[in-house]
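Heads up: the structure comes next, in structure tokens.
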């Protein structure tokens, strides 16, 4: 017999909102009146959630997952963590009914007791195994190991029955999320990608610049967004015209990349290398921002509720940023600076960073950084922090006065690397901020806190 109840059946938040709108005072615990003796998420240590995001990052790196797909993975990982912990968050809302296509999810049996850490770990195992369905046995084993660590950490305190209840519900919830995932058009794009043909016939069109590579995710713009109404919702079209005339704006933009690349300072080189976020060497650009988010847990002494909210919101931000960005990339289909510079300025010029195999406009780093930085600012305000995401590569940590400063540096790094023109960077950040605006205006996780 299915022990779970439909989460869609819970109308408590609608009732509370109506009462609040009418001026009545509602005791906070009324939002959780259905199961008063359930464990509270805020009482659990958030470190296991940090460890799960790190495990996800490590898996993305080990499997050399490309930038758009890695963002998708982080998005679903954040939502999974949040939804697994949600029953122990009496003042919060589920993502059900808020995210595109997420119509319902299993809910725990009111008559049973659960440990939300074990629920979350089992749900994460199920979801990540689905997302990494072609991964190595070594990578897949890390998900089981993480789940087993949670069991070992919690069984003495919670007992075998509670752990078994938690595993059963975690698996059921994970399968419910996988069902939602399977409707996002990812599998369809696997069949479409090999059929893509790079357009030709115009000097402004993008050309592959790296031998032996194929265009990365040309149909990513057809993916179902998490919260955007459609992929083009935040598009910022190019505000320039292609030209080869030396007095044209486009030529001057290319010349800026050329001259900057010829005279990089050590600081500019450091910036370019810090934000390069190459798949296989790192957990990709979206992963860099997930690790920045992880650093907030200790820095701001976040409890598990705030940690779960953060990972979910940042994950959604980076995921939709890449859908937004990639949709416009393959519509504009603009050539990379190296192609233009070698054709019209200097035949032997090469960029400091190798140009990746997808069109130039807009800059993916810029869009994802603009989105992630604004989401984090919405959550925590202006925070002074030290970014340690790439210290494992032997690089020196970088200090920032705000998330916005970090985003602008990440964006500008692509000019230093020689792989983007300035408009792709500046408009890219604006496009990412638009994604964050959509999130801010359409997702409510904690009505009381967000209403303050």
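In our numbering, the protein residues as written are -17 to 434. Every residue, glycine too, gets a C-beta built ideally from N, C-alpha and C.
With fewer than three CB-CB distances shorter than 8 Å, the stretch 110 to 120 does not count as touching the stretch 135 to 153.
Nearest to residue 254 by C-alpha distance, out of 391, 66, 339, is 391.
The straight-line gap separating the alpha-carbon atoms of residue 24 and residue 124 is approximately 26 Å. For the pair residue 190 and residue 137, the Cα-to-Cα distance works out to about 54 Å. At a Cβ-Cβ threshold of 8 Å, residue 220 and residue 314 count as neighbours. Distance from the CA of residue 286 to the CA of residue 421, rounded to the nearest whole angstrom, comes to 21 Å. With respect to the C-alpha of residue 163, the residue from 108, 131, 230 having the closest C-alpha is 108. The C-alpha of residue 294 is placed about 10 Å away from the C-alpha of residue 77.
The stretch 125 to 132 and the stretch 59 to 77 do not touch, with fewer than 3 CB-CB distances between them shorter than 8 Å. The three-state secondary structure of residue 383, taken from DSSP, is coil. In the pairwise beta carbon analysis, the stretch 249 to 269 is classified as touching the stretch 43 to 54: at least three pairs are separated by under 8 Å. Taking C-beta separations shorter than 8 Å and ignoring five residues to either side along the sequence, the partners of residue 349 in its chain run 303, 304, 306, 307, 410, 411, 413, 414, 417, following chain order.
By the C-beta criterion, the stretch 357 to 372 is judged not to be in contact with the stretch 313 to 330, since fewer than 3 inter-stretch pairs fall below 8 Å. Per the DSSP secondary-structure output, residue 280 pairs with nothing in a beta bridge. Here residue 232 carries a helix assignment [DSSP, helix/strand/coil].
According to DSSP, residue 369 shares a beta bridge with 380.
Counting other Cβ atoms within 10 Å of its Cβ, residue 297 reaches 16 or more and is therefore classed as buried. About 7 Å separates the beta carbon of residue 327 from that of residue 237, a gap short enough to meet the 8 Å contact definition. Your pair residue 64 and residue 353 does not check out as a contact, with CB atoms roughly 18 Å apart and the cut at 8 Å. For the 8 Å CB-CB criterion, residue 88 and residue 69 do not form a contact. Rounded to whole angstroms, residue 283 and residue 32 show a C-alpha spacing of 13 Å. Residue pairing from DSSP places residue 316 in a beta bridge opposite 187. The shortest C-alpha to C-alpha distance from residue 397 to any of 426, 241, 227 is the one to 241. Counting only residues of its own chain and dropping the five nearest sequence neighbours on each side, residue 22 has a CB closer than 6 Å to the CB of 70. Residue nearest to residue 311 within the set 30, 180, 45 is 180 (criterion: CA-CA distance). By the Cβ test, the stretch 195 to 212 is in contact with the stretch 335 to 344, since at least three Cβ pairs between them sit closer than 8 Å. When the Cα atoms are used, residue 92 and residue 73 turn out to be separated by approximately 17 Å. Excluding sequence positions up to five before and after residue 203, its CB lies within less than 7 Å of the CB of 213, 305, 308, 309, 312, all in the same chain and listed in chain order.
Secondary structure of residue 126 (DSSP, three-state): helix. The Cβ atoms of residue 66 and residue 98 sit closer than 8 Å to each other. Beta-bridge pairing by DSSP links residue 332 to no other residue. Residue 174 sits exposed, since fewer than 16 C-beta atoms from the chains shown fall within 10 Å of its C-beta.
Membership of residue 66 in the alpha helix (DSSP H) is indicated by the continuous run 49 to 67. For residue 410, the enclosing alpha helix (DSSP H) starts and ends at 404 to 424.
The beta carbon of residue 207 is closer than 7 Å to those of 82, 213, 302, 305 in its chain, skipping five residues each way along the sequence.
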